[in-house]
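**Student:** Protein chains in written order, with the numbering used here: chain X, 1 to 93; chain Y, 94 to 257.
Every residue gets a Cβ at the ideal spot worked out from N, C-alpha and C, and that includes glycine.
Can you keep this structure in mind? I'll have questions shortly.
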Amino acid sequence: MSELLPSFLLAVAQASPRGYTPFVDPLDLHDYWWFTIMPLAFGISLAYKSVRLHDLSRVWPQTFLMTAQVVAGMIGLAVAAFLIVEVIVYGGW
Amino acid sequence: MTRHDRDESFQPVALLLACALPGLGHAYLGDVKRGVLIFSSIMGLFLGGILIGGIDVVDRTEDKWWFILQAGVGPTAFAANAVHQSVYKLEFRGPRGPIRQSGRPDPADNPNNQPAPAKKSLGRVNEVGSLYTAMAGMLNLIVVIDAAWRHAGVRRRNSDVAPA
Chain X
1 MSELLPSFLL
11 AVAQASPRGY
21 TPFVDPLDLH
31 DYWWFTIMPL
41 AFGISLAYKS
51 VRLHDLSRVW
61 PQTFLMTAQV
71 VAGMIGLAVA
81 AFLIVEVIVY
91 GGW
Chain Y
94 MTRHDRDESF
104 QPVALLLACA
114 LPGLGHAYLG
124 DVKRGVLIFS
134 SIMGLFLGGI
144 LIGGIDVVDR
154 TEDKWWFILQ
164 AGVGPTAFAA
174 NAVHQSVYKL
184 EFRGPRGPIR
194 QSGRPDPADN
204 PNNQPAPAKK
214 SLGRVNEVGS
224 LYTAMAGMLN
234 LIVVIDAAWR
244 HAGVRRRNSD
254 VAPA
């Protein structure tokens, strides 16, 4: 049995060496990678608030609030980095 | 010292269960809803990272430092790595000696042009997938600590309810 499962998985993998297999091949998100920040922030917020809150009745509003704060913070940092590099260091864009 | 501090006690079984599966320690302590939320969020992040970056983001041999962080998820991370190493890496026996790697190797190592069973994860997609899985591992360390030293009130509350 222990050898049967890897053989089965290897057969599945080799059946589509060029096609896309979910959870095996990477998604083609190279142009939209920034979109993945939002689910990441949501997952981190949900795990954190699930541990932190004493009263779980407020978990969803608190999770969405923290997600918005994290995303807004990252956008703010990006804007600040852009202004520092392009405006302060190089004197305008 | 607050009342909350006094209630804290070490929970070794909850610690072991939280290490085995995210959220299981809290469920053992009687906080099932919290356990389900923790399981959903951490496994969602871990599986989401593998969905985005492919199985290649969990790789103990080629991405050792990322794997140390991912290992916080527990046996799931070790199982993903074992499947990656044993199934999705081919052993190429080229003139420069045997190598095991995912994706298409250097033609010098692959003179027979064997097809690779999984595409190599590269660039931003690999970074994002690695970040998702590493964050899942680090968050589970917080969860394990919280389950191990959680105040025993939840469990006691369930067992101390006097019959009406």
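Are any of the Cβ atoms in chain X nearer than 8 Å to that of Y225 of chain Y?
**Tutor:** Interface residue, yes.
**Student:** So, helix, strand or coil for E101 of chain Y, using DSSP?
**Tutor:** The answer is strand: DSSP assigns E101 of chain Y an E or B state.
**Student:** Alpha carbon to alpha carbon, what distance is there between V180 of chain Y and I143 of chain Y?
**Tutor:** Each residue's alpha carbon lies about 15 Å from the other.
**Student:** Strictly under 8 Å for the Cβ-Cβ distance: is L232 of chain Y near chain X by that measure?
**Tutor:** By this cut-off, L232 of chain Y is an interface position.
**Student:** Out of curiosity, what's the CA-to-CA distance linking V79 of chain X and F132 of chain Y?
**Tutor:** Distance between the alpha carbons of V79 of chain X and F132 of chain Y is about 34 Å.
**Student:** Is the distance from the Cβ of A233 of chain Y to the Cβ of G165 of chain Y below 8 Å?
**Tutor:** It should be pointed out that residue 233 of chain Y corresponds to Asn in this sequence rather than to Ala. Their beta carbons are under 8 Å apart, which means N233 of chain Y touches G165 of chain Y by this criterion.
**Student:** W158 of chain Y: buried (16+ other C-beta within 10 angstroms of its C-beta) or exposed?
**Tutor:** Burial call: exposed.
**Student:** Taking L114 of chain Y as part of the alpha helix (DSSP H), name the residues at either end of that continuous run.
**Tutor:** Counting along the chain, L114 of chain Y falls outside any alpha helix (DSSP H), and DSSP gives it neither H nor E.
**Student:** Quick one: grab the DSSP three-state call for G141 of chain Y.
**Tutor:** DSSP places G141 of chain Y in helix when its eight states are reduced to three.
**Student:** Could you give the first and the last residue of the continuous alpha helix (DSSP H) run that contains P239 of chain Y?
**Tutor:** Residue identity check: residue 239 of chain Y is Asp in the sequence provided, not Pro. D239 of chain Y -> alpha helix (DSSP H) spans 216-241.
**Student:** Beta-carbon of I75 of chain X versus every beta-carbon of chain Y: anything under 8 Å?
**Tutor:** Cβ-Cβ to chain Y under 8 Å: no for I75 of chain X.
**Student:** If you run the structure through DSSP and keep just helix, strand and coil, what is Y121 of chain Y?
**Tutor:** Note: Y121 of chain Y maps to helix in three-state DSSP.
**Student:** Have a look at G118 of chain Y and F35 of chain X and give me their C-alpha separation to the nearest angstrom.
**Tutor:** Roughly 33 Å between the two C-alpha positions.
**Student:** Quick check on DSSP: helix, strand or coil for Y32 of chain X?
**Tutor:** Here Y32 of chain X sits in coil by DSSP.
**Student:** Would you give the residue range spanned by the alpha helix (DSSP H) that F23 of chain X belongs to?
**Tutor:** Per DSSP, F23 of chain X belongs to no alpha helix (DSSP H) and is neither H nor E.
**Student:** Alpha carbon to alpha carbon, how far is L83 of chain X from G92 of chain X?
**Tutor:** Between L83 of chain X and G92 of chain X, the C-alpha separation is close to 9 Å.
**Student:** Under three-state DSSP, which class holds T154 of chain Y?
**Tutor:** Coil at T154 of chain Y, not helix or strand.
**Student:** Quick check on the DSSP output: the alpha helix (DSSP H) that includes A72 of chain X runs from which residue to which?
**Tutor:** Here the alpha helix (DSSP H) through A72 of chain X covers 59-82.
**Student:** Quick check: the Cα distance between I235 of chain Y and M66 of chain X, rounded to an integer number of angstroms?
**Tutor:** Looking at the two C-alpha atoms, the distance is approximately 17 Å.
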